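Participant: Can you read through this structure? Questions will come right after.
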Amino acid sequence: MAEVGPERVPGSHRGRGRGPRLGHRRPQTWEISDSDAEGAPAREVGTPARSSVGERRAAAKALRADQVLERLVVCVDPAVLEDAGSDILMEALGTLGCECRIEPQHQARSLQWSVVRPDPALSNVPQEGKAENEQEQLLLLEPQEFLQGAVQLTQMTDPPCSVPWLSPESPTRSHLAVIGLDAYLWYHLQPQRGGSQKTWPPKKSEEAQARVAISWSEVEEALVLLQLHANLDVLLVASWRELSQYVCAFTKALAQLPSKRFRDSQAFSFCTAGHWASGQQVTRDGSGLRGVWWRQIRQFNRVSPAVADAVVTAFPSPRLLQQALLDCSTEQERLSLLADLPVKAPGGKQPRRVGPDLSRRICIFLTTTNPDILLDLSS
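Under the numbering used here, read the sequence shown as residues 14 to 392, first letter to last.
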């Protein structure tokens with residue numbers, strides 16, 4: 014629900030001799046609205062309407078996903094292009110609309126995302142919405158290289174403080190991607206004699222005999238260690254096409270991140286998608302409270318205007334409904350208090366009932382003391 018504040022009386026702050034005549038003053042009112050107009054940011058009480066609207070609109074425009082995507086730079090290490098399937102990745106990046114550069118990176122076979130600074134004139138953009146200096150890195154590993162590091166992780170007695178493939182002083186947030194690990198394991202793993210356990214690498218070649226074997230369960234253990242202790246995501250893909258789809262989706266998500274942060278930093282950001290601009294006016298004598306109560310009922314899931322009318326007609330205020338719930342002798346009677354209320358049907362059809370589900374939800378909403386209780390069991 015948007016801010017609630019007294020509405021100014023026209024002419025109440027004019028110069029001497031030009032004020033309103035006695036007996037014709039408009040009663041002071043409050044405006045209660047579920048949200049502001051769609052696309053307009055929430056206003057603080059007591060601030061002029063045009064004080065920050067232009068600045069907020071400019072900031073919101075600069076942080077739109079399409080605008081950020083134009084300032085997004087994807088740097089690809091030249092070693093990535095040595096693979097035969099890298100052309101699929103480069104073609105996919107070319108269709109996004111962001112800038113793609115071929116530059117040597119600190120980590121070979123890696124991609125790095127960075128966002129250039131927005132227009133310096135947009136100084137009103139909060140820190141939550143800024144995305145400059147934020148860098149993400151995706152390191153591509155060969156299956157054999159990943160398995161060698163996984164052996165080191167599984168042999169550690171304590172949680173890993175460093176990752177074998179990454180530099181500890183790297184300022185970027187890193188992710189790993191392994192192409193064709195499943196196919197590599199299925200091709201190289203061979204069942205041992207006298208058992209069904211599979212190990213990597215095969216013991217047929219001299220090179221394989223010099224390496225430490227790793228089982229399927231140890232590979233899964235390494236993935237868990239990377240996720241829980243190192244906070245490192247490992248992407249396992251079967252082909253370069255699947256990797257390209259992930260890279261494109263990740264790039265679009267980075268472009269949407271600044272606008273989401275800016276939206277979440279605003280007061281009452283959860284009401285920005287509403288359609289009511291005027292709201293419900295409530296005067297000092299209480300006129301309009303019935304409409305507020307009606308809108309409160311409408312906020313429950315799957316509640317039509319006719320159902321809200323039935324509840325408000327039977328109980329014109331929440332206080333009356335609370336009192337009726339307290340007067341019930343049993344819990345079942347309390348939960349089904351509103352279930353049999355008739356609901357008018359359009360076109361002269363046979364009226365229906367409010368129903369036990371909504372009756373239970375409204376009852377719990379008005380009587381529970383548990384803030385974490387789930388009202389709608391079907392959600």
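For every residue, glycine included, the Cβ atom is placed at its ideal position computed from N, Cα and C. These numbers were taken from a predicted model, which means no experiment stands behind them.
Grouping DSSP H, G and I as helix and E and B as strand, with all else coil, what is Pro-355?
Facilitator: In the structure shown, Pro-355 sits in a strand (DSSP, three-state: E or B).
Participant: Go through its chain and collect everything with a Cβ distance to Leu-236's Cβ below 7 Å, but skip five positions before and after it.
Facilitator: Val-247
Participant: If you follow the alpha helix (DSSP H) that Gln-309 is in, where does it begin and where does it stop?
Facilitator: 302-311
Participant: Considering only C-alpha positions, which residue in the set Val-316, Leu-76, Arg-84 is nearest to Ser-127?
Facilitator: Check the Cα spacing between Ser-127 and each of Val-316, Leu-76, Arg-84: the tightest is with Arg-84.
Participant: Is Ser-372 buried or exposed, if buried means 16 or more other CB atoms sit within 10 Å of its CB?
Facilitator: buried
Participant: Taking the C-alpha atoms as reference points, what is the distance between Ala-290 and Leu-334?
Facilitator: Bear in mind that a pLDDT of 45 at Ala-290, under 50, signals an unreliable position, so the number given afterwards is only what the model happens to contain. Using only the alpha carbons, I get a separation of about 29 Å.
Participant: Less than 7 Å between the C-beta atoms of Leu-82 and Gly-110, yes or no?
Facilitator: In this structure, the beta-carbon distance from Leu-82 to Gly-110 falls below 7 Å.
Participant: So what's Trp-199 in DSSP terms, helix, strand or just coil?
Facilitator: Trp-199: helix per DSSP, three-state reduction.
Participant: In chain order, which continuous runs of the alpha helix (DSSP H) of length 4 or greater are located wholly inside the segment 250-285?
Facilitator: Counting only runs that start and end inside the segment 250-285, the alpha helix (DSSP H) elements of at least 4 residues fall at 253-278.
Participant: In chain order, what residues of the same chain lie with their CB nearer than 8 Å to the CB of Ile-375, ignoring the 5 residues before and after it?
Facilitator: Ile-310, Phe-313, Val-324, Leu-334, Leu-351
Participant: Quick test of your reading: Leu-179 and Leu-249, contact by CB under 8 Å. State the CB separation rounded to the nearest angstrom.
Facilitator: With a Cβ gap of about 17 Å, Leu-179 and Leu-249 do not count as contacting.
Participant: Should Ala-268 go down as buried or exposed, given a rule of 16 or more other Cβ atoms within 10 Å for buried?
Facilitator: It counts as buried.
Participant: From Cys-88 to Trp-307, what distance separates their C-alpha atoms?
Facilitator: 55 Å
Participant: In this structure, how does DSSP classify Glu-155 when only helix, strand and coil are distinguished?
Facilitator: Glu-155 falls in the coil class under three-state DSSP.
Participant: Are the beta-carbon atoms of Ala-321 and Lys-357 separated by less than 7 Å?
Facilitator: no
Participant: Please report the straight-line C-alpha distance between Leu-106 and Ile-115, rounded to a whole angstrom.
Facilitator: 12 Å
Participant: Suppose you measure from the CA of Arg-366 to the CA of Cys-341; what does that come to, to the nearest Å?
Facilitator: 20 Å
Participant: Considering just the uninterrupted stretch of the beta strand (DSSP E) at Ser-127, what are its terminal residues?
Facilitator: Per DSSP, Ser-127 belongs to the beta strand (DSSP E) from 123-128.
Participant: If you drop the 5 nearest sequence neighbours on each side, which residues of the same chain put their C-beta closer than 6 Å to that of Val-225?
Facilitator: Residue placement at Val-225 is flagged as unreliable, the pLDDT there being 43, under the threshold of 50; the coordinate-derived value follows with that caveat. Closer than 6 Å at the Cβ level, and outside the excluded window around Val-225, lie Val-164.
Participant: Leaving out five residues on either side along the sequence, give the residues of the same chain with a beta carbon under 6 Å from the beta carbon of His-188.
Facilitator: Leu-151, Asp-246
Participant: Report the three-state DSSP secondary structure of Ile-377 (helix, strand or coil).
Facilitator: Correct three-state label for Ile-377: helix.
Participant: On a CA-only basis, which of Pro-369, Ala-251, Leu-388, Gly-301 is nearest Gly-98? Give me that one, please.
Facilitator: Ala-251
Participant: Tell me whether Glu-57 is buried or exposed, calling it buried when 16 or more other Cβ atoms sit within 10 Å of its Cβ.
Facilitator: Confidence at Glu-57 is low in this model, with a pLDDT of 43, below 50, so its placement is unreliable and the value that follows should be read with caution. Burial call: exposed.
Participant: Between the C-alpha atoms of Ala-327 and Leu-354, what's the straight-line distance to the nearest angstrom?
Facilitator: 8 Å
Participant: Classify Ala-121 as buried or exposed, calling it buried when 16 or more other Cβ atoms lie within 10 Å of its own Cβ.
Facilitator: exposed
Participant: In its own chain, which residues sit with a C-beta less than 8 Å from the C-beta of Pro-364, not counting the 5 before and 5 after it?
Facilitator: Pro-355, Val-356, Lys-357, Ala-358
Participant: Using the Cα positions of Val-305 and Arg-297, report the straight-line distance between them to the nearest angstrom.
Facilitator: The straight-line gap from Cα to Cα measures roughly 14 Å.
Participant: Whose CA, out of Leu-348, Pro-384, Leu-379, lies closest to the CA of Gly-9?
Facilitator: Shown here, the chain extends from 14 to 392; a query on residue 9 therefore has no answer.
Participant: For Leu-153 versus Ser-257, is the C-beta distance shorter than 7 Å?
Facilitator: no
Participant: In angstroms, rounded to a whole number, what distance separates the CA positions of Thr-380 and Pro-329?
Facilitator: 18 Å
Participant: In the DSSP assignment, what are the bridge partners of Leu-248?
Facilitator: Per DSSP, Ala-190.
Participant: Can you tell me the Cα-Cα spacing of Glu-255 and Gln-157, whole angstroms?
Facilitator: 20 Å
Participant: Can you give me the C-alpha to C-alpha distance between Gln-118 and Gln-125, rounded to a whole angstrom?
Facilitator: Roughly 8 Å separates the two Cα atoms.
Participant: Could you check what DSSP says for Gln-345 in three-state terms: helix, strand or coil?
Facilitator: helix
Participant: Pick helix, strand or coil for Ser-175, following the three-state DSSP scheme.
Facilitator: Secondary structure of Ser-175 (DSSP, three-state): coil.
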